[in-house]
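Its first residue numbered 50, the sequence shown is counted upward by one per residue in the numbering used here.
In this text, a Cβ means the ideal position worked out from N, Cα and C, and glycines have one as well.
Note that the structure is a prediction, hence the values are computed from the model and not measured.
Worksheet: one structure, shown below.
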Amino acid sequence: MSSPIQNQAGPASGPSVTGNIALGSINTAGRDNNITNYLTGLRHLRPRQADPNKLMPVNRFVSPGDTFDNAAQAVRLHFGGTANVHIVVLLAAEEHGRRSAGLRLLAATNVPTDRVFELLPDWDEPDVACLPEEHGAGYLLNLRSVTRPLPDAFYSDLITYASALRKAGSCMVIITTKAAWSQARAGGPQTEILVREIERPNPTAVVRKYLDSDELTRDRSGWIDNKESLFHGLLPPDCAPGEAVRLASIIAKAKGMRDSDALDEYQGWESHLSTEWFAGGSQEVETRAVRIAGAFLNKVPAEVVLNSADLLLAAPKINFPKPEGGLLARPDAPKRLDPAGMSFDTATGTASLIHESQGPAILRYLWTKHRQLTDEVLTQWLQDISQGPAKKYLDAIAAALTRLAETVGVTPIFELAEGWLRDGGKQHQGLVGDLLSELAVHPVLGSQVRAELATWARGKSRPERQCAVARACSGPFGKTYPSQALTRARYIFDSSGVEESRKEAVNAVRALAVDDDLAPLVADTVVTWSTSAGKSIETDRQIFFDVYSVPPSADQVENEPLTVALTKPGEAGEAIRRRLFEAWQHIIQHSADPILAQRVLLNWRAGAEADRLPSGPVVDLITALGGSAGIGGPFIKAVVKAKGPLKDALIDAFLTDFVQDVEVENDPLAVASGVEAEQRLGDQAEADPVAQ
């Protein structure tokens, strides 16, 4: 006997069979094949829409040399057609404009712009099996931050993948470095894979293109060549395209070709830093404190900035005397903020840097030229304000430190984080987690941070670091690299030294499980853990129970993983509920503690009876499990016969399912029709290998 699970949350009585995914021995119109294909697809890198005309418009693009132009010509002739080339590899160092070049290459194909997608390497080891192969798609595989040579297996598998792209009428551009591609290239040239090294675009041309693309700034494109202009001769010939774009954006908003403030902004405010803001002496100490506070806390309430500055002035190694009269002797917020280059919004009370670029410049200057101040004062001060006036604005601190890491690297940031974790409490674990989560998705620094997070996750002797990793997994890191985040959560489960770190890892997985896009992947992953043989099998089942626990009350059901799993519509919802069924099926057959498992399933039923879960899917799940394990068995019998509002609905569902099975068994025509339908579906799948 078998029974379906509904794909919608309906009433408990008389669950409908129509439109459901079939479980057990029934195959309905190929639904099992569809769901299997869907679940297999979850392991693919997640395509992110990347419209080339928005991200890199043609009127701002500067070609990176003849080799790129030749590749673009090959693409126009071959991509999407019947010829061989369906993968182009663009090789260049970081900050050579590879992403822009890859997008423009895809724009040269006949793939519609709304079918162009970017793929980020959400893997710990490169794996071609993770690459999607939808029909009529253009993919940009951005191997940013991949520093180790790609394995030979990746290249050999890529040859097969190129053939799959050809059959699907799709194409791919891979952007990476020559060093990363070196071993893979040893396999020799392949007709379906075109490899080209590209040059760095001319920086002066990049500036001109940027300014010429807007009629409001078109007349400024000559400033870079005008010897009377302060912007003449600034760009070194080997600078990154991003640096050229930064200069162009500054020129675009400059007051004129001799705007010294604009020049100072481009030069990182170096003259102000060394000769004005931090020139020494006691007269400007208060203003310096406000500047430093503002650099960390841009766009937060002025009260927070000024209170943080006062804490810095009161630090033991600064010990700046308070004015006689205390707060009454201090000027108002605008008068304290203005000398520090900050504005005050009278409507919101917010303090903001007038020039946002001054914040990163100040932090870079302090961390490179005032190490005594940063090591002996600012590190402790950041801990103090994160527990005091800035405790509600830790995201601003994390964002500032992320920008700092772009210039000083991640080592000082990890040193700072280690200090917070040693001396701080749970709040500092959250701050470190948020900071590392932001750094983990950084285009240049991300791979180094993600590798360190893996090391931290395995270290059970430092549970505070594991807790910080768990927090990172629930943030931008988990949303951008979900497979890597789930892997790091698994490391914590496997090596957790204390219950706190395990609990935080569960919370991280739960946070990803309620994300609309990630819910199916999380369900598939957690169920895979719970159904895999191994010494930690009971521990893994407990993870399943904890992630998909019953909401604590009826008013807290919306953002709960189990509610999302039982109510999500469409194929994604069917896939999730199919995996929940398979988890329970395995638990019933193999659990070393059936009483505990039975208690959890009874809790699911009780949750539905208390309006904390949708009753229809719960009834369907229990009915399906009865069809699989046998209604006469003690496990399901106890779940069905327990007193409660759903008892009659469960019995009715089992009787209905039983009658339907008997009718099918006694109807030879129905059985034959089912076999013929399955045969037709099998023939159809063989005729279209891409759909398999």
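1) Looking only at its chain, what residues have a beta carbon closer than 7 Å to the beta carbon of residue 259, apart from the 5 residues adjacent to it on each side?
2) Taking the alpha carbon of residue 400 as the reference point, which residue from 351, 141, 550 and 282 has its own alpha carbon closest?
3) Excluding the five sequence neighbours on either side, which residues of its own chain have a C-beta within less than 6 Å of the C-beta of residue 492, listed in chain order?
4) Verify whether the separation of the beta carbon atoms of residue 427 and residue 415 is less than 8 Å.
5) For residue 44 versus residue 182, is the C-beta distance shorter than 8 Å?
6) To the nearest angstrom, how far is it from the Cα of residue 91 to the Cα of residue 97?
7) To the nearest angstrom, how far is the alpha carbon of residue 13 from that of residue 597?
8) Give the DSSP-derived three-state secondary structure of residue 271 in the structure shown.
9) How should residue 335 be labelled, buried or exposed, when 16 other C-beta atoms within 10 angstroms of its C-beta is the threshold for buried?
10) Just checking, does the segment 561-580 make contact with the segment 529-543 on the three C-beta pairs under 8 Å criterion?
11) So, are the CB atoms of residue 221 and residue 93 less than 8 Å apart?
12) What are the complete alpha helix (DSSP H) segments, minimum 4 residues, inside the segment 344-396?
13) Is the beta carbon of residue 538 closer than 8 Å to that of residue 557?
14) Nearest-angstrom Cα distance between residue 356 and residue 333?
15) Taking buried to mean at least 16 other C-beta atoms within 10 Å of its own C-beta, is residue 418 buried or exposed?
16) Tell me which residue opens and which closes the beta strand (DSSP E) that residue 246 is part of.
17) Give the DSSP bridge partners of residue 190, in chain order.
18) Using three-state DSSP, classify residue 332 as helix, strand or coil.
19) At a cut-off of 7 Å, would you count residue 613 as near the ligand ADP, judging by its Cβ distance to the nearest heavy atom?
20) Shortest alpha-carbon distance to residue 187 belongs to which of 175, 223 and 198?
21) Quick check on residue 499: does DSSP put it in helix, strand or coil?
22) Terminal residues of the continuous alpha helix (DSSP H) containing residue 400?
23) Cα separation between residue 328 and residue 322?
24) How is the beta strand (DSSP E) around residue 140 delimited, first residue to last?
25) Counting along the chain, where does the alpha helix (DSSP H) carrying residue 533 start and finish?
26) Using the three-state DSSP reduction, which class does residue 125 fall into: helix, strand or coil?
27) Mind checking which residues open and close the alpha helix (DSSP H) that includes residue 684?
28) Quick one: Cα of residue 56 to Cα of residue 204, how far?
29) Specify the secondary structure class of residue 507 as computed by DSSP and reduced to three states.
30) Take the Cβ of residue 608 as the centre, count every other Cβ of all protein chains shown within 10 Å, and call the residue buried at 16 or more, exposed below.
31) Is residue 353 near residue 439, with beta carbons less than 8 Å apart?
32) Less than 8 Å between the C-beta atoms of residue 165 and residue 213, yes or no?
33) If you draw a straight line from the alpha carbon of residue 670 to that of residue 691, how long is it in whole angstroms?
34) Which residues in the same chain have their Cβ closer than 6 Å to the Cβ of residue 141, if we skip the five residues on either side of it in sequence?
35) Using only alpha-carbon positions, find the residue among 511, 602 and 455 that is nearest to residue 471.
36) Using a Cβ-Cβ cutoff of less than 6 Å, which residues in the same chain neighbour residue 386 once the five nearest sequence positions on both sides are dropped?
Quick look at the numbers:
1) 109, 294 and 297
2) 351
3) 193
4) yes
5) Residue 44 lies beyond the range of the chain shown here (50 to 741); nothing can be said about it.
6) 14 Å
7) This structure leaves residue 13 out entirely; the chain is present only between 50 and 741.
8) helix
9) buried
10) yes
11) no
12) 351-362 and 382-386
13) yes
14) 17 Å
15) exposed
16) 242-246
17) 168 and 223
18) coil
19) No copy of the ligand ADP occurs in the structure displayed, which carries no ligand at all.
20) 223
21) helix
22) Segment 399-402 is the beta strand (DSSP E) holding residue 400; no alpha helix (DSSP H) there.
23) 7 Å
24) 136-140
25) 531-544
26) helix
27) 683-690
28) Note that residue 56 scores 37 on pLDDT, short of 50, meaning its location in the model is unreliable and no value can be drawn from it.
29) helix
30) exposed
31) yes
32) no
33) 16 Å
34) 147 and 247
35) 511
36) 393 and 400
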